[in-house]
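Input: a single structure, listed below in structure tokens.
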Amino acid sequence: MTTLVPAWPAGLDTPAEPPVIGTDPRRLLEAAESLVTAAGRLREGAAAGACRWAGLPAVYAAAGTEPLYDLLRPVADDGDGLARALESAGDALTEHAQRLERLAVDRADLVDRLRSWRSWAAATEVGAGESWFVAVASHDLRAEVSAFAARVAAAEQACADTLAAIRGGTATGRRRAGRGDALPAGLAVLDRASGASTRDRLDALAAMTPEAALAWLLAHPGFGREVAAEPPSVAETTAWWSRVAGRADAPALLDALVAGMPDGLGGLDGVPYRVRDAANRLRLATATDEALAAVHAAPPGTTPNLRSGAEMAAWRRWSALTAVSRALDGPGTRQLVELDLDAQPPLGAVAVGDLDGADHVGVLVPGMGTTLASGIEGLTGHAESLRAAQQDALGRTGRAAVVAWVGYEAPTVLTVLGSEHAEAGAPRLQRTLAGIDGTLGDTHLSVVMHSYGTTTGALALAGADLGVDDAVMLSSPGLTVDRAADLHAGDVWYAMPPDDRLAPLGNLSWEHPHSPLSPGFGGHWFEVPDVDAPLFGPHGLEHYLVDADGDPYRAGGEPGAALQQLVDITLGRDADVELENRWDYLGKVWREAWEGWLW
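Taking my numbering, the leading residue of the sequence shown gets 2, the next gets one more, and so forth.
Written out as structure tokens, the structure reads:
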């Protein structure tokens, strides 16, 4: 006999009503239109007044009138500036009214679903084994209500900040320009900057007050994406940033730039990585909220257990972004170096350690199947292990940082034998490495590539000189280049556990057939121990980054043999690296194969 329980499990609150939208969008649109109309009339009156004022000296030029004319002439000119302010307010209110109309439709739909759910729950008795469904559905509805409330609050705040920015500052505490401030002159500077190149507008922003810079950026929300699409060179950006950082009010201006154009600063090479981290975290928070709202707004699948395509896409995006947030929550300093929200799925990179203060920087390039959702946390953990071992070796003589780079779409098992993913990822890796080299200057830069990451990384290093001191290839499934000398790196290193049976299969590819282990490749073949793991287990990157007991390395531990080799290489201690003899290695491979066959 089925035990019946109340439809609402004990301790479970029913979803609350979504917040009421107190503003009538239609009346708000009418008010916005009246402001725009008033602006037009003000501009016409200002133009007529200026024309008459300019002609007055020809009619009346008595002694002592010239100072009066000089004093009052700006009054006529200010009319056009005030008209622009009215138009900006009208545009902001129009956009807000349109947002409210969309929110009102979404609220009505949410209210209908809440009422249907409550009616069902009140009339239905659920079996004890099915109460989980009630809990899950209730949780989802409460999450939708919370997401809707956040959207309403964000809409109100965005409109308030835009209106406040017309007079300088924001609605959240920044200083606003008073009546005595020279607003029309500031607007003239902004207008001149609007028609200039990206670099000229950046220069104009560097010369503005923080309030004026934020006001202009809020009025031009697309400028950050323009900077991201056509960034200045690293040298130009570095020079621009030195002007920003050299000002007495640099902290306030920095806050304004981060808040006003996070899309532009987040990937701008030449800007300190601590600033890029702040901008990218702001972008991440906004994108995560939007992704969650998209999950709830997506049309449902045909059954509760089958999600629609739109729902799955929104869910994958949200999963990737929340994984980045978790990776950033780890111990020590973490920096969000890159965040590509246009990629599907998103791409990004997290640095462990302070990049701006590092003497040694490593970049981990992962292989097949690595995504933000499935791999950024693990790769960041590997970066932490390598960085901890490096820092233990350096002591007080230097500082290290390691970047976990998921900046390209890695192949799946179905596409790993092709080179398309490497060809698409190589330019992205080139930008990352060139940015590190250009931003940090005299820093020891290493690239540690694993599995298909070696295919991508070798292609990147063959195409450009990126300031890389050491290129390290681990368990490579094959390259498109056949000589270490073709790679722009101070030294090229490679290794593979003798019992790695997966990587050699990649050499069957006709698109990346060249193994760094082959005779004549050149470079340095260094020794790593066997891995006690079943079949394809020895292929994983994690086996290179363990302590002497085989556990993930933590600060103060004793590095395992493979990790110690990586530490010596990436810190430039070449004399301490133990190289591998080709015939000894082949003997180990045959022994592993024979023992594997016997067992």
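The beta-carbon is built from N, C-alpha and C at its ideal position, and this holds for glycine as well.
Note that the coordinates shown come from a computational prediction; the quantities given were computed from them, not determined experimentally.
Where residue i sits in the DSSP three-state scheme
i: R388; result: helix
i: G370; result: coil
i: R335; result: strand
i: F224; result: helix
i: V404; result: strand
i: H383; result: helix
i: L206; result: helix
i: W241; result: helix
i: V121; result: One detail in the question is off: residue 121 reads as Trp in this sequence, not Val. Helix at W121.
i: P233; result: coil
i: H515; result: strand
i: A549; result: coil
i: L580; result: strand
i: H97; result: helix
i: G468; result: coil
i: D500; result: coil
i: F527; result: strand
i: D357; result: helix
i: G91; result: helix
i: L506; result: helix
i: D341; result: strand
i: V106; result: helix
i: L73; result: For L73, the pLDDT reaches just 49, beneath the cut-off of 50, and the residue's location in the model is therefore unreliable, leaving the point undetermined.
i: V112; result: helix
i: S195; result: Low per-residue confidence applies at S195: pLDDT is 47, beneath 50, and the placement is therefore not dependable, though the value from the model is reported in the following sentence. Helix, per DSSP.
Span of the alpha helix (DSSP H), counted from its first residue to its last, around residue i
i: W319; result: 310-329
i: H297; result: 274-298
i: E424; result: 421-441
i: L567; result: 562-571
Beta-carbon spacing of residue i, residue j below 8 angstroms
i: H445; j: D466; result: no
i: A236; j: A321; result: no
i: A389; j: H361; result: no
i: L342; j: A286; result: no
i: Y554; j: L542; result: no
i: A463; j: V482; result: yes
i: P19; j: V228; result: no
i: L480; j: P517; result: yes
i: L203; j: A90; result: no
i: R277; j: V325; result: no
i: V473; j: P498; result: no
i: V353; j: V403; result: yes
i: L1; j: L30; result: The first residue shown for the chain is 2 and the last is 600, placing residue 1 beyond what the model contains.
i: H422; j: S476; result: no
i: T433; j: W406; result: yes
i: G561; j: D393; result: no
i: L254; j: P211; result: yes
i: A411; j: G370; result: yes
i: P233; j: W241; result: yes
i: C160; j: A260; result: no
i: R484; j: F522; result: yes
N-terminal and C-terminal residue of the beta strand (DSSP E) that residue i is part of
i: V353; result: 348-353
i: D492; result: 492-496
i: A251; result: Segment 251-261 is the alpha helix (DSSP H) holding A251; no beta strand (DSSP E) there.
i: V448; result: 445-451
Expected contact under 8 angstroms - CB spacing of residue i and residue j to nearest Å
i: W526; j: L580; result: 6 angstroms
i: H97; j: A156; result: 7 angstroms
i: L395; j: L572; result: 7 angstroms
i: L218; j: F224; result: 6 angstroms
i: G468; j: E385; result: That pair is no contact at about 24 angstroms.
i: H513; j: V532; result: Rounded, the Cβ-Cβ distance is 24 angstroms, inconsistent with contact.
i: V493; j: G524; result: 4 angstroms
i: A280; j: G267; result: 4 angstroms
i: E291; j: P301; result: Contact doesn't hold; Cβ gap of about 19 angstroms is too wide.
i: L283; j: P263; result: 5 angstroms
Quiz item: Would you call the segment 348-355 and the segment 411-423 touching, i.e. three or more CB-CB distances under 8 angstroms?
Solution: no
Quiz item: How do the segment 240-249 and the segment 447-455 stand: do at least 3 beta-carbon pairs fall below 8 angstroms, yes or no?
Solution: no
Quiz item: Can you find at least 3 beta carbon pairs, one from the segment 107-114 and one from the segment 35-42, that sit closer than 8 angstroms?
Solution: Judged by Cβ distances under 8 angstroms, the segment 107-114 makes no contact with the segment 35-42, as fewer than three pairs qualify.
Self-check item: Three or more C-beta pairs below 8 angstroms linking the segment 429-446 and the segment 364-382
Solution: yes
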